[in-house]
Amino acid sequence: MRAFIPNYELFTPSSLADALALLDREPGVWKPFAGGTDLMVLLEAGKLPHRNYVNIWELEELRGIEAIDSHITLGALTTYTDVQAHPILQSEFPMLCQAASETGGLAIQNRGTLGGNIVNASPAADSPPALLAYDAEIELISTGGSRWLPYRAFHTAYKQMLIAPNELLARVRMPRNTRNATHYYRKVGTRKAQAISKVCLAALAKLEHDQISDVRIALGSVAPIVLRCTQTEDALRGEKANIDTIKLGCAKLEKEISPIDDIRSTADYRLQVAKNLLTDFLVTLRS
Ligand SMILES: Cc1cc2nc3c(=O)[nH]c(=O)nc-3n(C[C@H](O)[C@H](O)[C@H](O)COP(=O)(O)OP(=O)(O)OC[C@H]3O[C@@H](n4cnc5c(N)ncnc54)[C@H](O)[C@@H]3O)c2cc1C
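Counting with the working numbering, you get residues 51 to 337 for the letters of the sequence shown.
In structure tokens form, the structure reads like this:
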């Protein structure tokens, strides 16, 4: 049943400083409302438990994509449409662009934000595997200042993360070290469009003197959080991309992930698909 709207409050601050001051004055009372594409679904279903929201959509300080030689930095309000349109993201971070193009339909892509995708913390979200594989870092801000942390340290358990009630996610940055790498992104869902992932894999690596180097593998929907598979990476690094290495990688991956049965799929199916995707990535790397 739809929620009773007068029970909810949405406050629009006139500046980022005002938004942060409000979050700080009454910690935990106010929550950010960005594009609203996750929150409105809960509201429509009458399942939005929190009552007070601060509308951050108008805050220009949280928008924009800036590139310097070493990094590219995206404001938390960067939409999926913004991601797909950016030339540096297209050429150096194609997995993020592909994730954006496979997220929802056009309306969701125009309104849904990267920051909302991260803080909503679904293990089935589609951008986080790409962000993990690209070694993203995130900036959290409050009236007390700013702190950066590696994105791979952010999610600690299902829907748990290292953000304080008085903090906003402000920016995401990725190092520009992906040239000459093979990038592989694959979302497996029930159908091509508007489907939540059953499994999603984002991986990149380079081949140096026939050996796998700088390998980074991340998976969604195979654990309580999106997962960077460091043990599998360790097993693959320095090896040739041949059949023995594929077997070794799949054996490591099987130990590292913990898929579950749920409404969308089964643990067995997810495990098999994850191994198939890793195999496909390693075959692509070789060819
Ligand atoms: C029809 C439909 C299809 C979808 N398809 C996909 C899909 O294919 N793949 C996918 O991954 N997702 C999908 N989604 C989910 C959703 O669109 C994304 O997660 C989106 O990125 C959320 O961003 P938002 O700005 O709308 O977040 P909001 O709904 O505004 O917020 C989500 C959560 O993040 C918090 N938050 C938002 N911004 C910040 C910030 N800057 N700092 C701190 N906290 C913040 C909010 O308080 C809230 O808890 C779909 C949703 C719908 C309705």
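Built from N, CA and C at the ideal position, the CB exists for glycine as well.
Quick caveat: nothing in here was measured; it's all calculated off a predicted structure.
query = Where DSSP assigns a beta bridge to H205, which residues make up the other side?
reply = Per the DSSP secondary-structure output, H205 pairs in a beta bridge with M211.
Whole runs of the alpha helix (DSSP H) within the region 275–311, excluding any shorter than 4 residues = The qualifying runs are 280–286, 293–306.
task = Would you decide whether N230 is buried or exposed? Buried here means 16 or more other CB atoms lie within 10 Å of its CB.
result = Flag for N230 reads exposed.
query = Roughly how many whole angstroms lie between the Cα atoms of L286 and P99?
reply = If you draw a straight line from the Cα of L286 to the Cα of P99, it comes to about 44 Å.
request  = Work out the CA separation of Y235 and A183 for me, nearest whole Å.
outcome  = Distance between the alpha carbons of A183 and Y235 is about 10 Å.
message = Comparing C-alpha positions only, which one of V169, R202, D74 sits nearest to L89?
response = Taking the Cα of L89 as reference, the smallest distance to any Cα among V169, R202, D74 is reached at V169.
key: Where T177 falls, given that 16 or more other Cβ within 10 Å makes a residue buried   = In the sequence as presented, Thr is not what sits at residue 177; that position holds Ser. Result: buried.
query = Could you check where the alpha helix (DSSP H) with M90 kicks off and where it finishes?
reply = Where M90 is concerned, the enclosing alpha helix (DSSP H) stretches over 89–94.
ask   = Which residues in the same chain as M145 place their Cβ atom closer than 6 Å to its Cβ, once the five residues preceding and following it in sequence are excluded?
value = Taken in chain order, the residues that qualify are A180, H233, Y235, A252.
request  = Check the C-beta distance from T123 over to R113 and give it rounded, since I have them as a contact under 8 Å.
outcome  = Actually they do not touch by this definition, with Cβ atoms about 11 Å apart.
task = With distances taken Cα to Cα, identify the nearest neighbour of A301 among A175, D312, K325.
result = Taking only the C-alpha atoms, the option nearest A301 is K325.
task = Going by CA-CA distance only, name the one from I307, K237, I118, L70 that's closest to N105.
result = Closest by alpha carbon: L70.
message = On a Cα-Cα basis, can you pick out the residue from Q134, L93, E76, S120 that is closest to P225?
response = Comparing Cα-Cα distances from P225 to each of Q134, L93, E76, S120, the minimum goes to S120.
inquiry  = With three or more beta-carbon pairs closer than 8 Å as the criterion, would you say the region 262–275 touches the region 318–336?
reply    = Three or more Cβ pairs closer than 8 Å define a contact, and the region 262–275 meets that threshold against the region 318–336.
CA nearest to the CA of S192, picked from R52, Y319, T206, P77 = Considering only R52, Y319, T206, P77, the residue with the shortest C-alpha distance to S192 is P77.
task = Compute the Euclidean distance between the alpha carbons of E116 and H136, then round it to the nearest angstrom.
result = Rounded to whole angstroms, the separation of the alpha carbons of H136 and E116 is 10 Å.
query = Under 7 Å between the Cβ atoms of A126 and A220?
reply = Contact: yes.
message = By the three-class DSSP mapping on this structure, what secondary structure does F83 have?
response = The answer is strand: DSSP assigns F83 an E or B state.
ask   = Leaving out the 5 sequence neighbours to the left and right, which residues in its chain are closer than 7 Å to E187 when beta-carbon positions are compared?
value = These residues qualify, in order along the chain: W198, L199, P200, Y201, R223.
key: For E152, the nearest candidate out of K237, T62, K256 (CA to CA)   = Of K237, T62, K256, the smallest CA-CA separation from E152 is found for K237.
query = With burial defined as no fewer than 16 other Cβ atoms inside 10 Å of the residue's Cβ, what is the status of H259: buried or exposed?
reply = Flag for H259 reads exposed.
ask   = Where do the N-terminal and C-terminal ends of the alpha helix (DSSP H) with V133 fall, by residue?
value = Run containing V133: 130–135, per the alpha helix (DSSP H) assignment.
message = On the criterion of 16 or more Cβ atoms from any shown chain inside 10 Å, does D132 qualify as buried, or is it exposed?
response = Under this definition D132 is a buried residue.
message = Taking its Cβ as the centre, do 16 or more other Cβ atoms sit within 10 Å of S141, making it buried, or is it exposed?
response = Sixteen is the threshold: since fewer than 16 other Cβ atoms of the shown chains lie within 10 Å of the Cβ of S141, the residue is exposed.
task = Evaluate K305 with the Cβ neighbour count: other Cβ atoms within 10 Å of its Cβ, from every protein chain shown; 16 or more gives buried, anything less gives exposed.
result = Around the CB of K305, fewer than 16 other CB atoms lie within 10 Å, so the residue is classed as exposed.
inquiry  = Classify A175: buried if its beta carbon has 16 or more other beta carbons within 10 angstroms, exposed otherwise.
reply    = Classification for A175: buried.
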